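A.B. asks:
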Amino acid sequence: MDSFTSFRAGGAADYLVVPGSEEELLKVTTIISGFNAPFFVIGKGTNLLVRDGGFRGIMIHIGERFSDISADGETIEAGAGALVSELADAAFKASLGGLEFAAGIPGSVGGAVFMNAGAFGGEIKDSFIKADVIFTEAEKDREASVRTMKLEEMDFSYRHSSLRENGGLVIRAVMKLKRADRDEIKALMRDYAQRRIEKQPLNMPSAGSFFKRPEGDYAGRLISEAGLKGLKVGGAQVSELHAGFIVNRGGATAADITGLMDQVRETVSSRFGVLLEPEVRIIGEV
Ligand SMILES: Cc1cc2nc3c(=O)[nH]c(=O)nc-3n(C[C@H](O)[C@H](O)[C@H](O)COP(=O)(O)OP(=O)(O)OC[C@H]3O[C@@H](n4cnc5c(N)ncnc54)[C@H](O)[C@@H]3O)c2cc1C
Numbered sequence: 007m008d009s010f011t012s013f014r015a016g017g018a019a020d021y022l023v024v025p026g027s028e029e030e031l032l033k034v035t036t037i038i039s040g041f042n043a044p045f046f047v048i049g050k051g052t053n054l055l056v057r058d059g060g061f062r063g064i065m066i067h068i069g070e071r072f073s074d075i076s077a078d079g080e081t082i083e084a085g086a087g088a089l090v091s092e093l094a095d096a097a098f099k100a101s102l103g104g105l106e107f108a109a110g111i112p113g114s115v116g117g118a119v120f121m122n123a124g125a126f127g128g129e130i131k132d133s134f135i136k137a138d139v140i141f142t143e144a145e146k147d148r149e150a151s152v153r154t155m156k157l158e159e160m161d162f163s164y165r166h167s168s169l170r171e172n173g174g175l176v177i178r179a180v181m182k183l184k185r186a187d188r189d190e191i192k193a194l195m196r197d198y199a200q201r202r203i204e205k206q207p208l209n210m211p212s213a214g215s216f217f218k219r220p221e222g223d224y225a226g227r228l229i230s231e232a233g234l235k236g237l238k239v240g241g242a243q244v245s246e247l248h249a250g251f252i253v254n255r256g257g258a259t260a261a262d263i264t265g266l267m268d269q270v271r272e273t274v275s276s277r278f279g280v281l282l283e284p285e286v287r288i289i290g291e292v
């Protein structure tokens, strides 16, 4: 999956399915659940690490075929495969404010809903209205079905949604935004982009902030204070620019990355008594 993940590392999946339409997606999910086969949904793979032994099951890639975006008044609907940056851009073009924070997040809309992605004080949940979600039933002959999930059902919290527990697969989401001045929207987007360029190692493969923010602190600050900036395991390194990022300096295996993760967690835990939790989803076999 190295070519499907922004870490550019990791093992293979047994099968990769790239549905071309909602109908195909429903067929595929119905077949998969009929066999009770393990599957995993992947968007842009910017928050995902597949261990080197690979994933025993079926990867369903939600990509370009699900990338329609349309604005209507103050609401905007986006397919799960659209890029979050495209969504932010469409909002800007429609003079709708509220998604400026998302312009520099490299993932898909589906991944951003699943993760309740956020930055600069904003989160997906702030403008989320509803999403069409496929649920599979692990029983033979039961068709996968689409349900509309409203905000109350999503149980959004910091980098979490109820999709993590219920296994729902997002097809599209609807957001409600506010009319805003285009120049102001653009200025905010520029400011956030500039801050990313200055503070994040955008020239090297990574999955963004590797760890969740611990209560009342920042993972990057703790890692940096523990003297771990620049620490390497194989091709993986704690970024010199932003200690919260683990980067692939070239040729890193998933084991390099998780080995480095373990060292960082152990050191930060023994120095500060804080156990860092990965934000990146780690799946597959060692
Ligand atoms: C340089 C860089 C900067 C980043 N900055 C930020 C940031 O500022 N804020 C932030 O929150 N994140 C950030 N990220 C992480 C990442 O971009 C977000 O978490 C993004 O929302 C993940 O989307 P994705 O499509 O890449 O998801 P993937 O990595 O493909 O998947 C992540 C999770 O979402 C699930 N998923 C994906 N698509 C769907 C779907 N259609 N339905 C159901 N579940 C789905 C997957 O099963 C998986 O569990 C950054 C990453 C990088 C590389």
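Basically our numbering = 1-based index in the sequence shown + 6. Each residue gets a CB set at the ideal place from its N, CA and C atoms; glycine is no exception. Quick caveat: nothing in here was measured; it's all calculated off a predicted structure.
Reducing DSSP to helix, strand and coil, say where N42 ends up.
C.D. replies: Here N42 sits in coil by DSSP.
A.B. asks: In whole angstroms, what separates the C-alpha of M195 from that of A96?
C.D. replies: Whole-angstrom Cα-Cα distance: 13 angstroms.
A.B. asks: Give every residue of the same chain whose Cβ lies closer than 6 angstroms to the Cβ of G279, excluding the five residues on either side of it in the sequence, and list them in chain order.
C.D. replies: Counting only Cβ-Cβ distances below 6 angstroms, and skipping sequence neighbours, we find nothing.
A.B. asks: Under 7 angstroms between the Cβ atoms of S167 and N209?
C.D. replies: No, Cβ-Cβ distance for S167 and N209 is not below 7 angstroms.
A.B. asks: With contact counted as at least three CB pairs below 8 angstroms, one residue from each stretch, are the stretch 186–202 and the stretch 111–122 in contact?
C.D. replies: Touching, no, given that fewer than three Cβ pairs across the two stretches are closer than 8 angstroms.
A.B. asks: Could you tell me the distance, in whole angstroms, from the CA atom of Q206 to the CA atom of A186?
C.D. replies: Spanning the two alpha carbons is a distance of roughly 28 angstroms.
A.B. asks: Beta strand (DSSP E) containing E83: first to last residue?
C.D. replies: Taken as a continuous stretch (DSSP letters only), the beta strand (DSSP E) holding E83 covers T81 to G85.
A.B. asks: Should N53 be listed as close to ligand 1, given that the test is whether its C-beta is under 6 angstroms from any heavy atom?
C.D. replies: Yes; taking the cut-off as 6 angstroms, the Cβ of N53 has a heavy atom of ligand 1 nearer than that.
A.B. asks: Please list, in chain order, all residues of the same chain as K156 whose beta carbon is under 7 angstroms from its beta carbon, the five residues on each side excluded.
C.D. replies: Excluding positions up to five away in sequence, the list reads K136.
A.B. asks: What does the alpha-carbon distance come out to for the pair F120 and G290?
C.D. replies: Their Cα atoms are separated by approximately 19 angstroms.
A.B. asks: Identify which residue in V286, G236, A242 and A43 has its Cα closest to the Cα of K218.
C.D. replies: For the residues V286, G236, A242 and A43, the minimum Cα distance to K218 belongs to V286.
A.B. asks: Within 10 Å of its beta-carbon, does V56 have 16 or more other beta-carbons around it, so buried, or fewer, so exposed?
C.D. replies: Flag for V56 reads buried.
A.B. asks: Within the continuous beta strand (DSSP E) that includes Q243, where are the two ends?
C.D. replies: Here the beta strand (DSSP E) through Q243 covers A242 to V244.
A.B. asks: Say the cut is 6 angstroms; is the CB of P112 nearer than that to a heavy atom of ligand 1?
C.D. replies: At least one heavy atom of ligand 1 is nearer than 6 angstroms to the Cβ of P112, so yes.
A.B. asks: With distance defined between alpha-carbon atoms, name the residue in L183, N254 and R277 nearest to A225.
C.D. replies: Of the listed residues, the one whose Cα sits closest to A225 is R277.
A.B. asks: Using CA coordinates, which residue listed in L281, S230 and V139 is at the minimum distance from L31?
C.D. replies: The option with the nearest alpha carbon to L31 is V139.
A.B. asks: What's the C-alpha gap between D20 and A193?
C.D. replies: Their Cα atoms are separated by approximately 45 angstroms.
A.B. asks: Does DSSP put Y21 in a helix, in a strand, or in coil?
C.D. replies: Three-state DSSP puts Y21 in a strand.
A.B. asks: Less than 7 angstroms between C-beta atoms, sequence neighbours within five positions excluded: which residues of the same chain meet that for A258?
C.D. replies: Same-chain partners within the cutoff: A15, G240, G241 and A242.
A.B. asks: Among residues of its own chain, excluding the 5 on either side of K131, which ones have a beta-carbon nearer than 6 angstroms to its beta-carbon?
C.D. replies: Answer for K131: N122 and F162, listed in chain order.
A.B. asks: Let me know if S76 comes out buried or exposed under the rule of 16 or more other beta-carbons within 10 Å of its beta-carbon.
C.D. replies: It counts as exposed.
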